[in-house]
Amino acid sequence: MSETLDTLSLGLQLKNAREALNLSIDDVAHKTNLKKSHIESLENDIFILANVPPAFVRGYVRKYVSFLRLPESLIQQANYGEVTIPKEVKKAAPIKVSNNHKSQSRWVKWLTGLILLCAIGMTLAWWWQEHKKDELSRDSLVSSSEVAVNQTLPALETTSNTGTEIHLASNHEELALAAPAENTQEGVELEHSSETPTPAQTVQEMSQAVDNRQENANSMPLETAAAILAEPQQETVAEEPVPAVSNDELRIEITGGQSWITVRTPKSKKSLAEKLYNSGDVLAFNNNEQYRLTIGAPANVKIYYKGEQVPLKVDGRVARIKLPQ
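297 is the number that numbering that gives the first Met the number 0 gives to position 298 of the sequence shown; each next residue is one higher, with no gaps.
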């Protein structure tokens, strides 16, 4: 009996054992919770099932064999599609891959350093050129200014010397001519008042008088002439024109530069004047009881109220005035 079992395949052994127990495929499927299709495949020696891993198929066979009370050694007779790797197969030696990363990174570092050095060198060269240009331009400006000063100084000295010489010469001539003229006039008047001589006598006497006055002027001591010339000349300073007397109640004059002026009255919300005025502008107001003034630049403004000048405080700040005070 054992010989016949050994000659039979695993699938036939499973089928015969089931029939010996008078069990149908449905009964086995119900009791073992296996699929009917899987039981039929196992009894037909089909141990490689679609979409079922070999380990699962081996588990199905073990369960079916234990249910039929067959020896578990039968499980090893079937091929479940598992791939077995022999132990004698040696592992392949790993292929050494040459890694040139270090050499490449080192080359990149050297190249980057060289580029940075070139950039720094170019920057320094450019800065040095600009510095030299600035020094040259500064030296040329200094030299040109020195040449201009040296050229203007002799011209100023010559003009000042010529001016003083001309001034002294003109003073000498004025003194020499003024004295004879005055004396001749006095002599002529005295002679006319004393007597009425003939024309020939008057001409002769006048010529003698002129000669005498010239001799007196020429014989004037040099010290007296020097003292006269040393007297400081009185400079004619143009006096500022006195403002004309006006009948305006409030008069504002802008004398120099510019100034912001605002003129208001307590009764009216609208300003009588409010803008920036230039030098020479004049404002006049009448028929108001009270005025409120705002002066931006008091130093450039003069205010007259009822013919009298209003003093302004010049301290660099805006002046605010109420008239009458």
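All C-beta atoms in this analysis are idealised placements derived from N, C-alpha and C, irrespective of residue type, glycine included. In this text the structure is predicted, and so the values were computed from the model without any measurement.
Contact set for V64: own chain, Cβ-Cβ below 8 Å, skip 5 residues either direction:
In the sequence shown, counting from the first residue as 1, residue 64 sits at position 65. These residues qualify, in order along the chain: L13, P70, E71, L73 and I74.
In three-state terms, what does DSSP make of Y304?
Your numbering for residue 304 matches position 305 in the sequence shown. Strand, per DSSP.
Assign E273 to one of two classes, buried (16 or more other C-beta atoms within 10 Å of its C-beta) or exposed (fewer than that).
In the sequence shown, the residue the question calls residue 273 occupies position 274. Exposed: under 16 other Cβ atoms inside 10 Å.
Are there 16 or more other CB atoms within 10 angstroms of the CB of L9, so buried, or fewer, so exposed?
Counting from one through the sequence shown, the residue named residue 9 turns up at place 10. With 16 or more other Cβ atoms within 10 Å, it is buried.
Note the first and the last residue of the continuous beta strand (DSSP E) segment covering S65.
Counted from its first residue, the sequence shown places residue 65 at position 66. Counting along the chain, S65 falls outside any beta strand (DSSP E), though it belongs to the alpha helix (DSSP H) covering P53 to F66.
Less than 8 Å between the beta carbons of V322 and L292, yes or no?
In the sequence shown, counting from the first residue as 1, residue 322 sits at position 323. In the sequence shown, counting from the first residue as 1, residue 292 sits at position 293. Contrary to the premise, residue 322 reads as Leu rather than Val in this sequence. Their beta carbons are under 8 Å apart, which means L322 touches L292 by this criterion.
Euclidean distance between Cα positions of G295 and S144
Start at 1 with the first residue of the sequence shown, and residue 295 comes out as number 296. Start at 1 with the first residue of the sequence shown, and residue 144 comes out as number 145. Cα to Cα, the separation comes out at about 41 Å.
Distance check for Q289 and S267, CA to CA, integer angstroms please.
As a position in the sequence shown, residue 267 is number 268, starting the count at 1. As a position in the sequence shown, residue 289 is number 290, starting the count at 1. Rounded to the nearest angstrom, the two C-alpha atoms are 11 Å apart.
Which whole-angstrom value describes the C-beta separation of V309 and I302, a residue pair presumed to lie in contact below a C-beta threshold of 8 Å?
Numbered from 1 along the sequence shown, position 310 holds the residue referred to as residue 309. Numbered from 1 along the sequence shown, position 303 holds the residue referred to as residue 302. Yes, they are in contact, since the Cβ atoms of V309 and I302 sit about 4 Å apart, within 8 Å.
Please tell me whether T264 and L271 are closer than 8 Å, where the distance is taken between their beta carbons.
In the sequence shown, counting from the first residue as 1, residue 264 sits at position 265. In the sequence shown, counting from the first residue as 1, residue 271 sits at position 272. Their beta carbons are under 8 Å apart, which means T264 touches L271 by this criterion.
Within the continuous alpha helix (DSSP H) that includes Q12, where are the two ends?
Along the sequence shown, one-based indexing puts residue 12 at 13. Note, Q12: alpha helix (DSSP H), L9 to A19.
Compare the Cα-Cα distances from A28 to each of D133, H37 and D247 and report the closest residue.
Along the sequence shown, read from residue 1 onward, the residue named residue 28 stands at position 29. Checked all of D133, H37 and D247; the closest Cα to A28 is H37.
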